[in-house]
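Protein chains in written order, with my numbering: chain A, 2 to 130; chain B, 3 to 151; chain C, 271 to 913.
Glycine included, C-beta positions come from ideal geometry on N, C-alpha and C.
Quantities reported herein were computed from a predicted structural model and do not represent experimental measurements.
See structure below.
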Amino acid sequence: MPDESKLNNILVVDDSPTMRRMVITSLGSLRHVKSTQAGSGLEAIERLAIEPVDLMVLDLNMPDMHGMEVINFVRKHQAYRNIPIVVLTTKSEESSRTEALAAGANRYLTKPFDPRQLADVVGSLLQTS
Amino acid sequence: MEPFILFELAGTLYGVRSRFVQQIEMIDDVASVPNAHPAVEGVVLVRGQVIPALNLRTRFGFEKIGRDLRSRLVVINNGTRVVGLVVDTAREFLKISTDSIAPPPEALTGLSGHYIEGIATIGERMILILNLDAVLDLDYEVEPEISQV
Amino acid sequence: MDKPNPDNRGEFFDQFLDDYYTECDEHLVSIRRSLVVLEDDVNTYALDRTLLDNLFRSFHTLKGISGMVGLAAAEQLAHHLESYLRELREGTVVLTQSGFEALVAGVSLLEGVIHARRNDQPIPSIDQLVERLQAISVDSVTSEAPAATTETRENDSTITRWQVEFTPTAELAERGVNVNSVRARLQEIGQVLQAKPVVKGAGEIAFEFIVAADVDQTAVASLETDGLTFQPAPVEREPRTREILPTPMIAPASVVRVDLDRLDELMRIVGDLVISRTRLDDQVAELKRVTPPAAWRSLQEVNLTMGRQLRDLRESVMRVRMVQIGEIFERMTFVVRDLARENGKKIIVQLSGGETEIDKFLVERMMDPLMHLVRNAVSHGLETVAEREAQGKRSEGVLLLSAMTAGERIVIKIADDGRGIDRGVVIERAKPKGLNPENAEIDDDALLNLICTPGLSTRDEADRESGRGVGMDVVKKATEDLGGRISLSTRIGEGTTFTIELPLTLAIAEALIVSVNGQRFAVPQSGVREVLEVESASTRVLENNEIISYRGKVLPLIRLTRIFEMNHQRGEKFHVLVVGEETNAVGLAVDRILGQREIVVRAIKDPLAQSRGIAGATELGDQRVVLILDISALRQLAVTSRH
């Protein structure tokens, strides 16, 4: 069994459990990774506070705390400023692509997503970080 | 006058008191039970209950035939046991008066006095009235050689 | 493959279909509830903001996940519903009666599309409804923009606003104390007005909640556990535009959403515990010979106590599978509303005994049949307003849905005060089929039998359109297959009552379905440690036993074909189910493992069908009987057959 602490921890944030499972399964082909789930922006930030996170896959349209607020909060914080963020959101948000990237997201993917493409994007971000 | 359900087996008409007949079904799927009594074809699911399907031909020592569209499962419920009887075909519902039922003659070869409790003669038809307790009793066997038909 | 191919994508996402359906169900229930509340706000400007938000979000999520699994009709429909909701939220359109009806129709159609996909039926067309939704948006555009009002709260002097700070830690999270659990706790004592993350002095993250609660300073002290600190909230300068209000009718915080997989896992573990304990029992009994009596007695006492506790645990876990039948009743209420509206009937639904609990398995099997009875009652049983008034009945028809437990059974009644079933009509229809040749007077039981005859049951338009294929014959069979009973009581002009009795306790187990010599068997999962695939060539014979090597040791095999005296054709490979522990392990050899299923265990009561090695029988939903193996009996048989 690989040493858990050497695995990259990917935080998957989406209020739909089905969606979270789809993302996690898509990332199954990546090596040396494990995943953690969060169902809201608050939960995601809590995760950041209590365990090391190496990359976030983030939905935008979530109740209580919009994904954009999460990006803003994370990028303001010294400790989390450099965590790669992949935004994964529905088509209608395409107009906010620029906004998200300007706020500090590294990639912006739309749903429905191609599992292979997601794995590639996440894999390459993990390698370069 | 008592109501009976009639069915056919190897060209002979048999009758069972209808109060013991829970239902009559087409035979769907029988799961064969390993190491069971040779006359037990297997079990079937009827009204949520798993009951044995007893092949009467085998039980009476007749040659077994394949099932066809006319084969039926006569589900017997005598108050304590529920068992399905596999028969060639189910015929009709008939009221028979106790006077028309005579005890089986000694000279009758085959099932005499064993699996039947009497013979009813209605006009030209002869109906053998089944002794259910004997039929369902596992320890009760009639020598197959005697009853070849 | 360089370009993402939408067809390939579909295949990948098929594995999530179950999750998808479960999540859709949850969203649809929540949507339905919101719609019921929304109905009161039609044609007003005072639309509940939170309600609209929730509806919007639900449609948005449904759109997303439907797109992922490739159900385009659902995706598009959800998209248009979402758009309409967006306009309502932004206040650019007002909610008219026709708009509301279009919403309701849209949701029904969405349910229908998902249901069709689930049951492999043709997907209904959404074009008409999409047009309808688009037309509504145009028609109801407001000239003035009304303010989307938020709920006004009364100024209660005893309610204080508190600022609660929660600092999450790994240790707290492990104990189950996290931002969600804290929020839930706060919602129990008051209203959570705000929740946001903050960064503290040394850079740690904490969460700040503003709570309006009816607690004073002294009470607060007792709440400051698990990393929570309370202080009076700073006075608000201007009303916040984003307020987090608990939605009406949301599930209470004391309800936990349980992943079905976790529940199954829990049951499996409990099953394992039971097996371990029986072995412990045996060992303790053996020890009696060699242990001083006093010492042994205390050991036995602990053993028995454990046994009791385990039994309690088992029952508790089984109870987790129970759901309240009120959930089904609620669904039925929505269906009745829709149907009544469509058919121009007025119907009042009376519910009774909704808190009666029923095993989830029963719910799954009986949902469609019960729904069929309800539809029948609305479509055929209950009359239109005009007809009812002409008969001197009240204009609204009454549909009663009730449930109660009677001993070991649950009794469900679906009763209407409508037309009643016309015996004459049924008999007429039965004649050409040769049923009821005596043309005798038939009582309610005989009438029920007639209408439940396949080919005779009425299939109304709604069923044909949605292709559900449930007829009365299916209702009867489904009930009886579960060991239940259905009965009927009806009077012309007065109404009809269907009563369904179902057993409360069903022995349900997880089982592996295997194939041996072409025949299927079920093996209780709890007895199986591991499953192996073995090459026939790798088996050896040791002292009259067939063995294989397993984890560095020798595993004796039990061939079912040998014990059951069946013919056997060896393939190149076969499967082995490892049962028993450590030195006691043996392998049950089967041809193939077909899958894993949850089964209802039915005992074989009649001695004619009982056989050593067979524990009972079950049916896998395809009406074919499958025998259940008795693992410990098989092991003993194997021992005796070797000598």
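Worksheet item: Going by beta carbon distance, what residues of the same chain come within less than 7 Å of Pro394(C), once the five residues before and after it are set aside?
Response: Here the set comprises Leu379, Gly382, Val383, Ala386.
Worksheet entry | beta strand (DSSP E) segment containing Val84(B), residue limits | Per DSSP, Val84(B) belongs to the beta strand (DSSP E) from 84-89.
Fill in: Cutoff 8 Å: Pro84(A) Cβ touching any chain C Cβ
First, the residue type needs correcting, since residue 84(A) is Ile and not Pro in the sequence shown. No, Ile84(A) lies away from the interface with chain C (no Cβ there is under 8 Å from its Cβ).
Worksheet entry | Ala807(C): CB within 7 Å of a non-hydrogen atom of the ligand FAD | By its list of ligands, the structure shown contains no ligand whatsoever, and the ligand FAD lies outside what it can speak to.
Discussion item. Using a 10 Å radius around the Cβ and a threshold of 16 neighbouring Cβ atoms, would you call Leu332(C) buried or exposed?
Written reply: By the 10 Å Cβ count, Leu332(C) comes out buried.
Fill in: chain B contact for Phe834(C) (CB, 8 Å cutoff)
Against chain B, the CB of Phe834(C) has a partner CB under 8 Å away; the residue lies at that interface.
Practice prompt. Tell me, to the nearest whole angstrom, how far the beta carbon of Thr675(C) is from that of Thr626(C); I am working on the premise that it is less than 8 Å.
Written response: Right, their Cβ atoms sit about 6 Å apart.
Worksheet entry | 8 Å Cβ cutoff met for Thr831(C) and Val786(C) | Yes, Cβ-Cβ distance for Thr831(C) and Val786(C) is below 8 Å.
Discussion item. I'd like to know whether the C-beta of Asp289(C) is nearer than 8 Å to at least one C-beta of chain A.
Written reply: Under the 8 Å criterion on CB atoms, Asp289(C) is classed as interfacial with respect to chain A.
Worksheet item: In chain C, which residues lie with their C-beta within 9 Å of the C-beta of Leu140(B)?
Response: By Cβ distance, chain C contributes Pro877, Leu878.
Item to complete: Kindly list the residues whose CB is nearer than 6 Å to the CB of Lys630(C), restricted to its own chain and excluding five residues on each side of it in sequence; keep chain order.
Response: Result list for Lys630(C): Arg591, Val593, in chain order.
Discussion item. Considering only DSSP beta bridges, list what Thr91(A) is partnered with.
Written reply: Under the DSSP definition of a beta bridge, Thr91(A) partners with Lys112(A).
Worksheet item: What number of angstroms, rounded off, separates the C-alpha of Ala405(C) from the C-alpha of Glu345(C)?
Response: Rounded to whole angstroms, Ala405(C) to Glu345(C) spans 19 Å at the Cα level.
Worksheet item: Of all the CB atoms in chain B, is at least one closer than 8 Å to the CB of Glu585(C)?
Response: Not an interface residue.
Practice prompt. Compare the C-beta of Asp751(C) with all C-beta atoms of chain B and state if any pair is closer than 8 Å.
Written response: So, interface residue.
Worksheet item: According to a CB-to-CB cut-off of less than 9 Å, which residues of the stretch 470-490 of chain C neighbour chain A?
Response: If the cut-off is 9 Å between Cβ atoms, the stretch 470-490 of chain C has Gly473, Glu474, Ile475, Ala476, Phe477 near chain A.
Worksheet item: Any idea if Glu842(C) is buried or exposed, counting beta-carbon neighbours within 10 angstroms, 16 or more meaning buried?
Response: The residue in question, Glu842(C), is exposed, as its Cβ has fewer than 16 Cβ neighbours within 10 Å.
Worksheet item: Less than 8 Å separating the beta-carbons of Ile618(C) and Ile595(C)?
Response: Between Ile618(C) and Ile595(C), the CB-CB gap reaches or exceeds 8 Å.
Worksheet item: Counting only beta-carbon atoms, is Gly446(C) nearer than 8 Å to chain A?
Response: Not one chain A Cβ lies under 8 Å of Gly446(C).
Worksheet item: Comparing the C-beta of His350(C) with each C-beta of chain A, is any distance below 8 Å?
Response: By this cut-off, His350(C) is not an interface position.
Worksheet entry | Test: Gln789(C) CB closer than 8 Å to a CB of chain B | Closer than 8 Å: yes.
Worksheet item: Using the beta-carbon of each residue, which ones in chain A are nearer than 9 Å to Glu435(C)?
Response: What Glu435(C) touches in chain A: nothing, since even the nearest Cβ is about 13 Å away.
Practice prompt. Just grab the DSSP bridge partners of Asn9(A) for me.
Written response: Answer is Val34(A).
Discussion item. Looking at Thr91(B): is its Cβ nearer than 8 Å to the Cβ of Phe9(B)?
Written reply: Contact: yes.
Fill in: For Leu132(B) and Thr82(B), the rounded distance between their alpha carbons
Going by the C-alpha atoms only, they are around 18 Å apart.
Worksheet item: If we ignore side chains and look at the alpha-carbon of each, how far apart do Glu868(C) and Val45(B) end up?
Response: When rounded, the distance between both Cα atoms is 20 Å.
Worksheet entry | Unbroken stretches of the beta strand (DSSP E), 3 residues or longer, contained in the stretch 818-876 of chain C | Taking only runs of at least 3 residues, the beta strand (DSSP E) segments lying wholly in the stretch 818-876 of chain C are 823-829, 843-849, 856-860, 862-870.
Worksheet item: Taking only runs of the alpha helix (DSSP H) that begin and end inside the stretch 441-499 of chain C, which ones reach a length of at least 4 residues, in chain order?
Response: Within the stretch 441-499 of chain C, the complete alpha helix (DSSP H) runs of at least 4 residues are 449-459, 487-493.
Worksheet item: Would Thr123(B) be called buried (16 or more neighbouring beta carbons within 10 Å of its own) or exposed?
Response: It counts as exposed.
Worksheet item: What is the DSSP secondary structure of Asp16(A), counted as helix, strand or coil?
Response: Of the three classes helix, strand and coil, the one that applies to Asp16(A) here is coil, per DSSP.
Item to complete: Could you spell out where the beta strand (DSSP E) holding Gln661(C) opens and where it closes?
Response: No beta strand (DSSP E) contains Gln661(C), which DSSP labels as neither H nor E.
Worksheet item: Using a C-beta cutoff of 8 Å, does Arg327(C) count as contacting chain A?
Response: Closer than 8 Å to some Cβ of chain A, the Cβ of Arg327(C) qualifies, so yes.
Discussion item. Counting only Cβ pairs nearer than 7 Å, list the residues of chain B close to Arg894(C).
Written reply: Simply Asp31.
Fill in: Near-chain C residues of the stretch 54-87 of chain B - C-beta to any C-beta below 9 Å
Hits within the stretch, in order: Pro54, Ala55, Leu56, Arg83, Val84, Val85.
Discussion item. Taking contact to mean 3 or more Cβ pairs, one atom from each stretch, closer than 8 Å, check whether the stretch 433-449 of chain C and the stretch 489-499 of chain C are in contact.
Written reply: Between the stretch 433-449 of chain C and the stretch 489-499 of chain C, the count of Cβ pairs shorter than 8 Å is three or higher; the stretches touch.
Worksheet entry | Where the stretch 92-117 of chain A meets chain C: residues whose CB sits under 9 Å from a CB there | Residues Lys92, Ser93, Lys112, Pro113, Phe114, Asp115, Pro116, Arg117.
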